[in-house]
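Trainee:
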Amino acid sequence: MNVTAAAAKNCSSELDCGKDSDLTWFTQNITSQINTEKCRHLFVDSGLSDLAVGLILLASSLMVLCTCLLLIVKVLNSLLKGQVAKVIEGVINTDFPYPLGWLSGYLAMLMGAGMTFIIQSSSVFTSAMTPLIGIGVISLNRAYPLTLGSNIGTTTTAILAALASPREKLPAACQIALCHFYFNIFGILLWYPFPFTRLPIRMASALGERTAKYRWFAVLYLLVCFLLLPCLVFGISLAGWQAMVGVGAPFVALTIFVLLVNLMQSHSPTHLPKTLRSWDFLPQWMRSLKPLDKLITKTTALCCSPARLNDPDVVVVTPDTTNIKPESKKQTEQWYDNPALSLPEEISSEPKVFRLRGLERCNSTPL
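Under the working numbering, the final residue of the sequence shown carries the number 489; numbering is consecutive throughout.
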């Protein structure tokens, strides 16, 4: 390291100092020791990059999360049966008598906020509540205020963390925490107080019915809403506001048009042109999921059906539906195992009969 001294008396180097008029040049060696320690984690000596470690941990955590949710559903299905399920369902889903029935939702909201405050995690609360909804213990109308209350309860964590901030950062921390709190409050005021504003309930019912009929729709919904759509919006935003307006404005206009036409088709179809009174003029793939369902079914059948078809010991016999009326024929098809998520028109009125080859009888006992 080169250091300049104003006079020769300031030269402290053990080496000879070079002089240039009134400046003296010399070299000084400065050595410092910094104690370093390896990070303590599972992959510290594996030699993997941070990206590889992050992907491994992400995949393993998702696998553990899905496994735990499946086990929770299995355990709750085995525990909450008979009288226990009826008692819990009666306590949670019961409303106050008239004229205080409107207070039931707000009490459920307070309960959700309190439970989330106790466990300090809205994700844990909603993850534990989801299987209860799936097995029919908690109704969808009751789950909605519980979820809203959970969103309020999770803001208490940020408020407590803000109160523990240093004095000079306390105002800014409290401001951010209260922004989170009031954001959820105004969201509740927009989407809960009046029954006609509770659109999330109707949207959840529609998506649930669609998923009950097409099981792959849940995976498609997750991929589109949480991966493809955000990436598309982010990519368009990088191109500038002109591209955002050019793509977003037609999309919003088309969405509003479709919603208005659907409303008029349901309530006043006579005010629409004959062509718009139904969507039958569109190709089937634009108005129905059946073509996509056939494609996915054929694709999965290539992987799954050979093992079942080559099994010589099992034959699946379905009930005869030739003499069933058209309006009740839909009831002979059952697409799912959970009765709580069953559509009334799709619940099978007769059980499927499995018979072993060689032991067929006319009065076989359903398994």
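Idealized CB from N, CA, C, for every residue including glycine.
1. How many whole angstroms separate the CB atoms of G275 and S226, which I take to be in contact at a CB cut-off of 8 Å?
2. Helix, strand or coil: which one does DSSP assign to I422?
3. Please return the same chain residues whose Cβ sits closer than 7 Å to the Cβ of L198, not counting the five positions on each side in sequence.
4. When DSSP labels each residue in this structure, what does G204 get in the three-state scheme?
5. Looking at S272 and A492, is the spacing between their C-beta atoms short of 8 Å?
6. Closest to T194 by CA distance: which of M251, K160 and Y220 is it?
7. Taking DSSP as the reference, what is the three-state secondary structure of E159?
8. Which of helix, strand or coil does DSSP assign to W99?
9. According to DSSP, is R289 part of a helix, a strand, or is it coil?
10. Cα-Cα, which of T319, S249, V259 and T279 is closest to Q242?
11. Are the CB atoms of I310 and A299 within a distance shorter than 8 Å?
12. For a minimum of 4 consecutive residues, which ranges assigned as the alpha helix (DSSP H) are wholly contained in the region 268-339?
13. In angstroms with no decimal places, state the Cα-to-Cα distance between H393 and W401.
14. To the nearest angstrom, how far is the alpha carbon of I210 from that of N263?
15. Using 8 Å as the threshold, is the C-beta distance between T277 and F303 below it?
16. Could you tell me the alpha carbon to alpha carbon distance between A207 and D217, rounded to whole angstroms?
17. Can you tell me whether M185 is buried or exposed, with buried defined as 16 or more other CB within 10 angstroms of its CB?
18. Since L268 and M233 should fall inside the 8 Å C-beta cutoff, what is the C-beta to C-beta distance between them, to a whole number of angstroms?
19. For a quick check, are the C-beta atoms of W313 and R320 less than 8 Å apart?
20. Do L411 and Y336 count as a contact pair if the criterion is CB distance below 8 Å?
21. Can you round the beta-carbon distance between L192 and V259 to whole angstroms, since I take them to be within the 8 Å contact cut?
22. Would you tell me roughly how many angstroms separate the C-alpha atoms of L465 and A334, rounded to the nearest one?
23. Can you tell me the Cα-Cα spacing of A283 and A294, whole angstroms?
24. I'd like the span of the alpha helix (DSSP H) that includes V166, first residue to last.
25. Give the DSSP-derived three-state secondary structure of P391 in the structure shown.
26. Going by CA-CA distance only, name the one from S183, D415 and P391 that's closest to V341.
27. Please report the straight-line C-alpha distance between L349 and V355, rounded to a whole angstrom.
28. For the alpha helix (DSSP H) holding T252, just list the boundary residues, first then last.
29. Quick check on DSSP: helix, strand or coil for G362?
30. Within 10 angstroms of the Cβ of Y266, are there 16 or more other Cβ atoms? Answer buried if so, exposed if not.
31. For P391, I'd like the list of residues in its chain whose CB is within less than 8 Å of its CB, leaving aside the five on either flank, ordered along the chain.
Mentor: In short:
1. That belief does not hold up - the Cβ atoms of G275 and S226 are roughly 18 Å apart, past 8 Å.
2. For the sequence presented, residue 422 should be read as Thr rather than Ile. Residue state, collapsed to three classes: helix.
3. P253, L254 and I257
4. coil
5. Outside the displayed range of the chain (123 to 489) lies residue 492, so it cannot be described from this structure.
6. For the record, residue 194 in the displayed sequence is Ile; it is not Thr. The residue with the shortest Cα to Cα distance from I194 is M251.
7. coil
8. The structure shown does not extend to residue 99, since the chain is modelled only from 123 to 489, so the question has no answer here.
9. helix
10. T279
11. no
12. 277-285, 292-313 and 321-335
13. 15 Å
14. 15 Å
15. yes
16. 17 Å
17. exposed
18. 7 Å
19. yes
20. yes
21. 17 Å between Cβ atoms; not a contact.
22. Legend: pLDDT at L465 = 45, less than 50; position of this residue unreliable, no value from coordinates given.
23. 12 Å
24. Element bounds for V166: n/a, residue is neither H nor E.
25. helix
26. D415
27. 10 Å
28. S244 to G256
29. coil
30. buried
31. R399
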